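For what it's worth, my numbering labels the leading residue of the sequence shown as 19, then goes sequentially.
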Amino acid sequence: MQRSSRLSGSAHEHAKISPPASRRSSLLVPPVAHAQNRFDTPASSRATSPVTIRISPPNQRFLECTEDDIKVSEVGELLREYKRMVEAVKVMGGFHQD
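Spelled out as structure tokens, the structure:
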């Protein structure tokens, strides 16, 4: 008799701690037909990066030329390119604070 009261007491305590069956099932993750990890998933279905910026590429001429190749008439364009690239890096948070 002592033993059955211990079991019923323990079952009673378990019932107090454990949520009802309907609530328990809502806490479970629904089964997936075929689980995929992040390596199995195509890149297009992954979450995108919080910072997404798309800008036109830099002027290829300025990447390939030497300082002797740049004409005085191109300095304005070079400066605009530089400022555009710097602004893009700022938007992405690419500079550290000193």
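Even glycine gets a Cβ: it sits at the ideal position worked out from N, Cα and C.
Quick caveat: nothing in here was measured; it's all calculated off a predicted structure.
Handout entry: N- and C-terminal bounds of the alpha helix (DSSP H) containing Lys-101
Key = 93 to 109
Exercise for the section: Taking the CB atoms as reference points, tell me whether Glu-99 and Pro-76 lie closer together than 8 Å. Expected result: yes
Practice task
Give the secondary structure of Glu-82 by DSSP, where H, G and I count as helix, E and B as strand, and everything else as coil.
Solution key: helix
Problem - CB contact flag (Ile-71, Met-103, <8 Å) - result: no
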